[in-house]
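Residue numbers (this note's numbering): 33 to 286.
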């Protein structure tokens, strides 16, 4: 999939994150899961989760192109209700050292990177890691509009999920000190396996880049509503998932 530039005439070159010193980030995640049932009581099926994660991103050049490695330096998480086990503090402890290799095409990634250690926390982090490398055309101007598509795929022994997510971007600010991007997110979700589901994702992404092309801060919010049908067709559930993420570059202490 390729980023499609819809409005571009001339402008200022925007470099991508160069190979060189690592970049450090703090990531704050919050999420909730709510079920609405057609038959059974959904009390006890809801849950909330929070996480704070510190990441290091390093860019390197390879024969096949640039690859960014993002490593979890440390993490804390906590869950409640149905998410208490998935986001138990021990999950964060075990996730330390997990890494993601993000293969970049024209400076961005078009798939969600897989974690070297997979669990609910590292999967959520992977969705944010991809956003550390936003689609930037070599030449942009303030007011330019473009779009990019990412293919979201995940699976387990019980189910497989897939679906494209499209972000319509606009360059809302561009000067010698920073570039600001705002994007509206839409997507579809299809799940097969022990549960069949179809859903819609909507959200917003905003990020600021330095003149060197480094994401210095970003906010990401999504809301997903999905209709789920178990294999036994016992009932139809509506699942509502909301996620919010804030990313900030952490400057090394002198």
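Glycine included, C-beta positions come from ideal geometry on N, C-alpha and C.
Residue i (DSSP reduced to helix, strand or coil)
i           : result
residue 259 : strand
residue 242 : coil
residue 166 : coil
residue 71  : For residue 71, the pLDDT reaches just 49, beneath the cut-off of 50, and the residue's location in the model is therefore unreliable, although a value from the coordinates is still provided. Residue state, collapsed to three classes: coil.
residue 87  : strand
residue 196 : strand
residue 123 : helix
residue 130 : coil
residue 272 : strand
residue 281 : strand
residue 149 : coil
residue 64  : strand
residue 228 : strand
residue 216 : strand
residue 79  : strand
residue 175 : coil
residue 210 : coil
Delimiting residues of the alpha helix (DSSP H) encompassing residue i
i           : result
residue 102 : Unbroken run through residue 102 is the beta strand (DSSP E), 97-113; no alpha helix (DSSP H).
residue 156 : 152-161
Rounded distance between the beta-carbons of residue j and residue i, thought under 8 Å
i           : j           : result
residue 251 : residue 271 : Actually they do not touch by this definition, with Cβ atoms about 24 Å apart.
residue 211 : residue 260 : Contact flag wrong, Cβ pair sits at about 40 Å.
residue 254 : residue 275 : 5 Å
residue 200 : residue 216 : 5 Å
residue 61  : residue 273 : With a Cβ gap of about 13 Å, residue 61 and residue 273 do not count as contacting.
residue 163 : residue 58  : The Cβ separation is near 14 Å, so there is no contact.
residue 239 : residue 247 : 5 Å
residue 222 : residue 245 : Wrong, their Cβ atoms sit about 34 Å apart, outside the cutoff.
residue 99  : residue 87  : That belief does not hold up - the Cβ atoms of residue 99 and residue 87 are roughly 16 Å apart, past 8 Å.
is_contact[residue i, chain B] using C-beta, thresh 8 Å
i           : result
residue 178 : No chain B is part of this structure, which consists of one protein chain only.
| query | Should the segment 123-138 be regarded as contacting the segment 94-106, the criterion being three or more beta carbon pairs within less than 8 Å? | reply | Touching, yes.
| When the Cβ atoms of the segment 98-112 are set against those of the segment 82-90, are three or more pairs found closer than 8 Å? | Taking a cut-off of 8 Å on C-beta distances, the segment 98-112 touches the segment 82-90, as three or more cross pairs fall below it.
| message | Between the segment 140-155 and the segment 120-132, can you find at least three pairs of beta-carbon atoms closer than 8 Å? | response | yes
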